[in-house]
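Visitor:
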Amino acid sequence: WAFILEIQNRMLTNLLIKNYVLIENLEIQPSESLNIITGETGAGKSIMLGAINLLLGTRADTKVLWNQEEKCITEGVFEIESYHLKKVFEAEELDYQHQTVIRREISPAGKSRAFINDTPVTLDVLRRIGNRLMDVHSQHETLELGNRIFQLQLIDTYAANQKLGDEYTLLWRNYSIAKKNYESLLAEAAILRREGDFVQFQLNELVNANLEEQEQETLESEMKIQEHAEDIKTKFNQITRQIGDSEFSIRSALTSVRSLLNSVSSYSPAYAQLLGRIESLKIELEDISNEIENEDSKIEFDPQRTEKVKGRLSLIYQLFQKHKTSTIKELLELQNTLQSKADKTINLDDTLTTLKKELDNAATQLGVKANELSKSRGKVFSALCKQLTQLLISLGIPDTQLKIENEIVIPGPTGMDSIEILFSANKGIVPRPLVQVASGGEFSRLMFAVKYVMAEKASLPTLVLDEIDSGISGEIAVQLGKMMKTMAKRHQLITISHLPQIAAKADTHYFVYKDNSTNKTTSHIRKLDEKDRVDEVAKMIGGAKPSAIALENARELIKG
């Protein structure tokens, strides 16, 4: 197996779970290497995994609340300085901190909130960040081993295809856009050509109308004045006489009032102020009189102008009715739309030619990169099968046969490879697709071998394994424990296990148990010291009251 480097620091430094299912309050500080969690069935080991998954963006509702009147909180503190994640945080517009805190809250009302370094984030962002910090294996993921996409990801990880894959993804996006643009215009072309004459006719009609956005209001106002010109001039003449051309005019009355106030204005500042206001009123009256005379001079009944305004308004109203609009602004917007269609129709052939060239160029680049990616994948088929086979032999499947079949297909989102991993655990049996041949125990061992290989090739700082030792016992379990110990030299491991051989390899051993001393069951966890570790491993070997032999076997396993 490949040499595994020592890790520099632990990833998950603190895990806090409050008010989740059977957990009222739980807090642990995992070691930087191999953390084993054991406990009785139903004590809450997998409940912890559910709470951890909340940090990775899984959905939850109020059914998970231990106390329905309080919110659920799951919080993880991660040391990430050594894992080069600053650009990942910047891409999500998040503050990067060496000590990063992820928190998830579920309120009694069912509202879910997520935070990264106290910044609210969506579940999608939480998933993208969380999956860079933790890799959680569950029984569900074991079933995914038969999924071709999962198998392809394994091969790309093994081949270190991250850069190639990113380049291909970008080219696929460019190709998809070019294909959509070309096919959309191609589908539209027939309609554009068929409707071209009608579009041009409508456009010409609007262009020739030479519409201006505010002219309707202006014309309607002018029309009202023309229609009521005689009445308006009569009223203006009456106003002019009442302001200043009669014996009892407003101007005369104001002059009289001004004289009276002027005679007493020196007696009080208040009187002087009133006089000033009369002066202002007189000035305002003169200004109004002049403005009325000015407006009166503008009014001149012009039958020709009236007919012209009527005709213009009639055209506007007809266009409203024809195009089912109510404002000139809408007509101008329609004109712009028709102009775009007309331009597109005129330049249709040239545009289609250009878009086809862009599509062909994108397809060529995509094909080249797909071929490059395919070759990179093909180069590791043999080495990956060989390494997985060796691992599975050491895990008690001596007749392991592994084969990777690849069918070259039209390039798609993941390339031009249709991958299928074939497996046989028995001599003389031809390897077949995983979902057809692997038993539960074989699946668990194969998945562990996959995790082992991926841990060597990729940056997976914290690995959480939920009963990946299912269907395993005896010496195979011992070997599995040794392999976990080796993996933990590079990656922080948190493993939920029911096997004494695995528990004995722990650098830190946690024990989960139920407390039924109150009227509501709760789950608790405690870190075991050396003596308690021996007792727990012995109980896993020999039952609730382990014999002296079981205790001695436990000591031997732990020393192992």
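Per our numbering, the sequence shown starts with residue 53, numbered consecutively. Even glycine gets a Cβ: it sits at the ideal position worked out from N, Cα and C. Only a predicted model underlies this, so the values are computations on that prediction, with no experimental measurement involved.
1. Mark E264 as exposed unless 16 or more other C-beta atoms lie within 10 angstroms of its C-beta, in which case mark it buried.
2. In three-state terms, what does DSSP make of F353?
3. Measuring CB atoms only, is the stretch 138 to 146 touching the stretch 95 to 115, in the sense that at least three cross pairs come out at less than 8 Å?
4. What's the C-alpha gap between F433 and K534?
5. Per DSSP, which residues does R578 bridge with? Please list them.
6. Which runs of the alpha helix (DSSP H) fall wholly inside the stretch 138 to 203 and span at least 4 residues, in chain order?
7. Of the choices Q442, G419, A261, whose alpha-carbon is the least far from that of V461?
8. Taking the straight line between their C-alpha atoms, what separation do you get for L306 and K376?
9. Are there three or more Cβ pairs, one per stretch, closer than 8 Å when the stretch 543 to 562 is compared with the stretch 77 to 88?
10. If I follow the unbroken beta strand (DSSP E) through E267, where does it start and stop?
11. My guess is that R165 and P172 are in contact by the Cβ rule of under 8 Å, so how many angstroms apart are they, rounded?
12. Since Y220 and L425 should fall inside the 8 Å C-beta cutoff, what is the C-beta to C-beta distance between them, to a whole number of angstroms?
13. Please report the distance separating the alpha-carbon of S470 from that of H543.
14. Within 10 angstroms of its Cβ, does G448 collect 16 or more other Cβ (buried), or is it exposed?
15. Do you know how far the Cα of I69 is from the Cα of T573?
16. Between the stretch 398 to 414 and the stretch 237 to 256, do three or more beta carbon pairs fall short of 8 Å?
17. Mind pulling the alpha helix (DSSP H) runs of 4 or more residues that sit fully within the stretch 69 to 151?
18. Could you pull out every residue in the same chain whose Cβ sits closer than 8 Å to the Cβ of E58, ignoring the five residues on either side in sequence?
19. Beta-carbon within less than 7 Å of K627's beta-carbon, same chain only, minus the 5 sequence neighbours each way: which residues are those?
20. So, are the CB atoms of D521 and H189 less than 8 Å apart?
21. Quick one: Cα of W53 to Cα of L64, how far?
22. I need the straight-line Cα distance from G109 to I554, nearest angstrom please.
23. According to DSSP, V516 sits in a beta bridge with which residue or residues?
24. For I284 versus V309, is the C-beta spacing smaller than 8 Å?
25. Helix or strand or just coil, what does DSSP make of N458?
26. Within its chain, find whatever has a CB closer than 6 Å to the CB of E157; leave out the 5 residues flanking it on each side and keep chain order.
27. When you compare only the Cα positions, how much space is there between R155 and A394?
28. Return yes when at least one heavy atom of the ligand SAH lies under 7 Å from the C-beta of A103, else no.
29. Identify, in the order they occur along the chain, each residue of the same chain with its Cβ nearer than 6 Å to the Cβ of N66, setting aside the five sequence neighbours on each side.
30. Once you ignore the five residues that flank L367 on each side, which residues in its own chain have a CB closer than 8 Å to its CB?
31. Look up R607 in the DSSP assignment and say whether it is helix, strand or coil.
32. Terminal residues of the continuous alpha helix (DSSP H) containing E527?
33. Could you check which residue in V516, H576, K421, Y562 has the C-alpha nearest to that of R184?
34. T292 to Y369, Cα distance in whole Å?
35. Alpha carbon to alpha carbon, how far is V153 from F141? Give it in angstroms, no decimals.
Guide: Judging by the given coordinates:
1. exposed
2. coil
3. no
4. 26 Å
5. F563
6. 138 to 143, 175 to 185, 191 to 196
7. G419
8. 56 Å
9. yes
10. Run containing E267: none in the beta strand (DSSP E); it sits in the alpha helix (DSSP H), 267 to 279.
11. 7 Å
12. 5 Å
13. 31 Å
14. buried
15. 16 Å
16. yes
17. 97 to 106, 138 to 143
18. Because the pLDDT at E58 is just 41, under 50, the model does not fix this residue reliably, and the value given afterwards should be weighed accordingly. Counting only Cβ-Cβ distances below 8 Å, and skipping sequence neighbours, we find K541, R542.
19. As displayed, the chain neither begins before 53 nor continues past 612, which places residue 627 out of reach and without an answer.
20. no
21. Low local confidence applies: a pLDDT of 29 at W53 is under 50, so the model's placement there is unreliable, with the coordinate-based value given in what follows. In a straight line, the C-alpha of W53 is about 26 Å away from that of L64.
22. 29 Å
23. V188, I546
24. no
25. strand
26. K123, I125, R165
27. 55 Å
28. This structure lacks the ligand SAH; in fact it carries no ligand of any kind.
29. Q81, V129
30. A261
31. helix
32. 526 to 539
33. V516
34. 38 Å
35. 13 Å
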